[in-house]
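Protein chains in written order, with our numbering: chain A, 7 to 325; chain B, 99 to 427. Glycine residues also receive a C-beta, built at the ideal position from the N, C-alpha and C atoms.
This is the structure we're talking about:
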């Protein structure tokens, strides 16, 4: 009996692996650019802090523009901006990673489990996530963090995760609801598979692209949220992040003194990293929604069609 | 009608959750906000027993009363509109501080969100309609603006238009020396002049999200059968785009308004800090910096109420533009 039930499972497992491979995003220029930029920034956060000096070391050069000794100049107390940037990158990425993991766990629990269980569990889970969704996150985070004088990086991450999971949970719930009514899930249920097995083996693999895109969103959300919080002076104590750098730059009147080398790099890195993650998300979106995948005029041009032919194809496409 | 009641019921629950959160946060957090508040108030002037009692109820100092009784009295006090006295703006009551700052924020966020929504939806519609055109290729660029932190964009805009080319003022909500508040054309002109950069920040940062969402839904909608039918009937392309495709494509953007509004509100608080805009975000920071817990809690409550109100409005609008929600009920 056990042999009978295990054999098909193995086959379908292998088939699923193959289909997973097929659903991997194609290497488009967008995806390549996104992965490349993100990888460079992660590398900078991992290796950078080992190569630069102590970011808090005070030199007697004062506020100075980029030079050979300090490639990104110094702050008004003569601290090396490049060294600060390396440590800040590490700090911000750490927050992003922790919050990303927590948000995926929370939203998967409230979204997928709720939708699959149905009944009052689904009703209450969905009510909780909808209420969390309409309560604005950042004001709540500001309030909570102003009560706690000494905050660890972990605490800030947990608070950000608690206020940030609801949107993802709603998206996941919608998708799970449509999945659980598919015929193959009904077949699995009829054949006597246990609920947790249906959830983990039948439903979850189909949600992987969606989970990935929600995780990417969560990382962007976390890095932006932490930056905002730190910029207001409410970040984790003694931490170095892109937000704290901007906080010190703002308080050190970098703007009035025209010290662009101080306040431009951290923001630019946030923007670049966010943009890279968005580019990755575009590619994931095209897996989730195949309708977005049809060729654009740009790719058609590369087929070497004439103008009239291009117009004809475009016309057919619109119909 | 049933749909409407369900919606109203949900917002009542959300309102109750927000008020309860506001009740429990100061009680669960470490530290003793009541003592800090009362000692700060005492430095500024005599504290009447009523003030002391109001602060204790708001922030949870009186432990002799059972929690449930505290909760009921707190509800009565909050619903009666008494949110305590502000320390940062002593001796102004919290309600009055909020009353003075809220219109600025609602004006700023409201106008820039409407502008950003209309432009984003319009451009997204065109980009989806003409797939692969130059406009369509611009969409990824605008979404990159979305990952730019609001406050950093605000800093850059300030640096460019306030410091380098001194076109716009560096901070404030209106010219404090030249004009006085009132419904005079000078004052309104000054407010618009001072509000341009903050509004521009919010519009630039939020327009990309609307555009991308609308563009993707437009692409999906255009491959539906009813679009083919409409084309086959020989309807004008313009009519198909606006009445058939766009009307359906816009629904998810409207339904997802709550998520977007959360982002905009969060970004605006920090943006106000950069521009020292006299809105509720600046007041919140002032409260945080001076440990003004009563003002903080009050502002949190009011921000939540405003966001709930905006979402309710959008939800009602949704029932108007999507007849299916009414038919199902």
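Identification of chain B residues near residue 154 of chain A by a Cβ-Cβ cut-off of 9 Å yields 127, 128, 129, ordered along the chain. Interface flag for residue 242 of chain B against chain A is set, since a Cβ pair is found closer than 9 Å. The Cβ of residue 281 of chain A sits closer than 9 Å to at least one Cβ of chain B. Secondary structure in the stretch 175-203 of chain B: no beta strand (DSSP E) run of 3 residues or longer lies completely within the stretch. Judged by beta-carbon spacing, residue 256 of chain B lies within the 9 Å limit of residue 268 of chain B, meaning their Cβ atoms are closer than that value. Counting along the chain, the unbroken alpha helix (DSSP H) around residue 316 of chain B starts and ends at 283-320. Close to chain B, meaning a Cβ-Cβ distance shorter than 8 Å, are the following residues of the stretch 128-161 of chain A: 133, 136, 137, 139, 140, 141, 142, 143, 144, 145, 146, 148, 149, 150, 152, 153, 154, 155. In chain order, 142, 145, 146, 148, 149 make up the part of chain A whose C-beta sits under 9 Å from the C-beta of residue 398 of chain B. When DSSP states are grouped into helix, strand and coil, residue 80 of chain A belongs to the strand group. Residue A/260 holds the alpha-carbon nearest to the alpha-carbon of residue 81 of chain A among A/270, A/281, A/260, A/292.
Counting only runs that start and end inside the stretch 92-158 of chain A, the alpha helix (DSSP H) elements of at least 4 residues fall at 120-123, 125-140, 143-153.
Taking each of A/176, A/284, A/101, A/193 in turn and checking the Cα distance to residue 241 of chain A, the smallest one comes out for A/101. Straight-line spacing of the CA atoms in residue 202 of chain B and residue 336 of chain B works out to 39 Å. Along the stretch 256-283 of chain A, going in chain order, the ones with a CB nearer than 9 Å to a CB of chain B are 256, 260, 261, 262, 264, 266, 269, 270, 272, 273, 274, 276, 277, 278, 279, 280, 281, 282, 283.
Residue burial is scored here from C-beta neighbours: residue 189 of chain A has fewer than 16 other C-beta atoms within 10 angstroms and is therefore classed as exposed. Taking residue 146 of chain A as the centre and dropping the five residues before and after it, the same chain places the C-beta of 169 closer than 7 Å to its C-beta, in chain order. Taking 9 Å as the Cβ-Cβ cut-off, the stretch 246-272 of chain B approaches chain A at 246, 247, 248, 249, 250, 251, 253, 254, 256, 257, 260, 261, 262, 268, given in chain order. The continuous stretches of alpha helix (DSSP H) do not include residue 246 of chain A, and DSSP gives it neither H nor E. Inclusion of residue 163 of chain A and residue 228 of chain A in the CB contact set at 9 Å is warranted, their separation being smaller than that value. Contact between residue 218 of chain B and residue 308 of chain B holds: CB atoms are separated by about 3 Å, below the 8 Å threshold.
Below the 8 Å Cβ cutoff, chain A contributes 140 as neighbours of residue 409 of chain B, in chain order. The beta carbon of residue 125 of chain A sits no closer than 9 Å to any beta carbon of chain B. DSSP places residue 86 of chain A in the strand class (E or B) of the three-state scheme. In this structure, the alpha-carbon of residue 276 of chain A lies about 33 Å from that of residue 126 of chain B.
Rounded to whole angstroms, the separation of the alpha carbons of residue 258 of chain A and residue 367 of chain B is 21 Å. Exclusion of the five residues before and after residue 276 of chain B leaves 284, 288 as the residues of its chain whose Cβ lies within less than 8 Å of its Cβ.
When Cβ-Cβ separations below 9 Å define contact, residue 109 of chain B makes contact with chain A. From the listed residues A/253, A/237, A/223, A/127, the smallest Cα separation to residue 179 of chain A is found for A/127. Cα atoms of residue 253 of chain A and residue 269 of chain A: separation of roughly 9 Å, rounded to the nearest angstrom. Here residue 265 of chain B has 259 as same chain residues with Cβ atoms under 7 Å from its own Cβ, once five neighbours each way along the sequence are excluded. Between the C-alpha atoms of residue 212 of chain A and residue 186 of chain B there is a straight-line separation of about 53 Å. Contact between the stretch 51-65 of chain A and the stretch 116-126 of chain A is not established, with fewer than three Cβ pairs separated by less than 8 Å. In the DSSP assignment, residue 195 of chain A falls within the alpha helix (DSSP H) that extends over 189-196.
Between the C-alpha atoms of residue 92 of chain A and residue 283 of chain A there is a straight-line separation of about 19 Å. The beta carbons of residue 106 of chain A and residue 246 of chain B sit no closer together than 9 Å. Here residue 109 of chain A really is in contact with residue 167 of chain A; their C-beta atoms are around 5 Å apart, less than 8 Å.
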